[in-house]
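In my numbering, the protein residues as written are 199 to 705. Where a beta carbon is used, it is the ideal one built from N, C-alpha and C, also for glycine.
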């Protein structure tokens, strides 16, 4: 097999005699067992998630939570996973493995005769028989990018099957090479939990292209790795995208631009990456993770949505599940709801509130309001408002908390309960500033501008004059925002003058 010159250089650097086939194969097998056998800068399917998290950490900020998703029950997911054609292929390989009891070369891959026999059993090299074929309509692009590759122990399709067998737990490394694991000889009879665990491991394996690392064009396959990761992320956060080939072509261009690859090298990578990306989509569709309609538009299936959620959650992204916070703390609930829309918030909060008495729920939310930032405080108190007047004891107690008192006073007033006195001018100003700060974090620009009318109504522009003296850390920011975005010109002008006073006061 021809090897990439960069790969040969790495072997020489590590002291491998590249003229010795056995030494080369031993090194390749060792690197295969450790992961990709190359140091391509394009390698990594979901590596962009690590980059996003690293950038957020460097900026001392948090990534916004992903939109909440609704997931099927474990029973429904397992029923879908049982239909995976990839699982069927793994079980077919296990049957062949037990029957053939194959020998392996010194580098740990199947010898030529056994490799050809395994390929015949699995349909490798005969695309019409392979279980992952026909998952994507013909118009979406080319199929198997290495359909003409000679079948030997290092054939990428065979290496992938071996990796899948290991990932699923059906295969096990032994002193005699890969054998069927006695504790899990097949996937078909597994219980729901174990079946989903195996499915998820295979899903993660199918998103990378490590089996192509030995080929000269491996960079194109690693580019496809990145593209498939971005495709799954885009489907998770945005739903249905444009027709598949258009989407893949655009993602390829995005990655090439990010890596500053152009000219002849970019042109060489495009063809390999597109074919490899389409083939990866076919395999993921065969696994039950993706669905492609007759027009070539791709979506995540419910099972694929669950798999992506598990990967993103494990990577450290906030990936909420609708109904997943019923037994969470109030602080965890409020943090999650920051990424929900109104309908999702109502559904999630209803489930959470049903798990505890209303007064207890209100007390927990008051603590969040007392200890949180402006956005958390406003949301926590708004949730108490949804609980209604039955929570009056907890709300009345909140009048003793300085940063919560204005919100509690407003709730009691809305419920036509006597709050025991009026807010001072300073408290009204503090509430207005805190409300603006909360809205700025939670709203889109137009929604924020509209909401400012509630904070400073058009017929009450004089309220701005009170704000500049508010003892709040975000007074200046709130006035700047009012000056820039309030729909009424008179209010905006007053806010700009007040913001100038705040700046002058801090000099």
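From the options, pick the residue whose C-alpha is nearest to that of residue i; which is it?
i: residue 493; options: 443, 487 and 291; result: 443
i: residue 608; options: 576, 635, 637 and 639; result: 576
i: residue 270; options: 401, 502, 432 and 300; result: 502
i: residue 466; options: 359, 450 and 630; result: 450
i: residue 633; options: 674, 655, 572 and 286; result: 572
i: residue 578; options: 564, 585 and 283; result: 564
i: residue 555; options: 592, 512 and 393; result: 592
i: residue 627; options: 660, 597 and 638; result: 660
i: residue 300; options: 286, 690 and 316; result: 316
i: residue 612; options: 586, 681, 595 and 381; result: 586
i: residue 277; options: 218, 385 and 368; result: 385
i: residue 484; options: 400, 582 and 395; result: 400
i: residue 709; options: 321, 621, 381 and 519; result: No answer is possible for residue 709: it lies beyond the span of the chain, which begins at 199 and ends at 705.
i: residue 552; options: 264, 584 and 511; result: 584
i: residue 622; options: 448, 635, 457 and 665; result: 665
i: residue 291; options: 615, 274, 653 and 321; result: 321
When the distance is taken between beta carbons, is residue j closer than 7 Å to residue i?
i: residue 499; j: residue 486; result: yes
i: residue 398; j: residue 480; result: no
i: residue 426; j: residue 475; result: yes
i: residue 530; j: residue 568; result: no
i: residue 363; j: residue 284; result: no
i: residue 409; j: residue 446; result: no
i: residue 604; j: residue 610; result: no
i: residue 303; j: residue 361; result: no
i: residue 377; j: residue 441; result: no
i: residue 294; j: residue 319; result: yes
i: residue 742; j: residue 686; result: In the structure as shown, the chain begins at 199 and stops at 705. Residue 742 is therefore absent and cannot be evaluated.
i: residue 694; j: residue 674; result: no
i: residue 549; j: residue 521; result: yes
i: residue 221; j: residue 393; result: no
i: residue 472; j: residue 464; result: no
i: residue 359; j: residue 382; result: no
On the criterion of 16 or more Cβ atoms from any shown chain inside 10 Å, does residue i qualify as buried, or is it exposed?
i: residue 406; result: buried
i: residue 355; result: buried
i: residue 701; result: exposed
i: residue 266; result: buried
i: residue 371; result: exposed
i: residue 435; result: exposed
i: residue 215; result: exposed
i: residue 719; result: The requested residue 719 does not occur in the structure, where the chain is confined to residues 199 to 705.
i: residue 543; result: buried
i: residue 651; result: exposed
i: residue 697; result: buried
i: residue 282; result: buried
i: residue 692; result: buried
i: residue 373; result: exposed
i: residue 638; result: buried
i: residue 424; result: buried
i: residue 562; result: buried
i: residue 688; result: exposed
i: residue 218; result: exposed
i: residue 461; result: exposed
i: residue 418; result: buried
i: residue 512; result: exposed
Since residue i and residue j are thought to touch, with beta carbons under 8 Å apart, how far apart are those beta carbons, to the nearest angstrom?
i: residue 669; j: residue 630; result: No, residue 669 and residue 630 are not in contact; Cβ-Cβ is about 12 Å, not under 8 Å.
i: residue 558; j: residue 523; result: Contact flag wrong, Cβ pair sits at about 16 Å.
i: residue 310; j: residue 351; result: 7 Å
i: residue 430; j: residue 506; result: 5 Å
i: residue 566; j: residue 601; result: No, residue 566 and residue 601 are not in contact; Cβ-Cβ is about 11 Å, not under 8 Å.
i: residue 390; j: residue 272; result: 5 Å
i: residue 510; j: residue 264; result: 7 Å
Is the beta carbon of residue i within less than 6 Å of some heavy atom of the ligand ATP?
i: residue 464; result: Looking for the ligand ATP in the displayed structure turns up nothing, as the structure carries no ligands at all.
Where are the beta strand (DSSP E) runs, 3 residues long or more, that stay fully inside the stretch 345-414, in chain order?
369-372 and 375-378
Counting only runs of 4+ residues fully inside the stretch 539-612, write out the alpha helix (DSSP H) ranges in chain order.
540-551, 556-569, 572-585, 590-596 and 603-612
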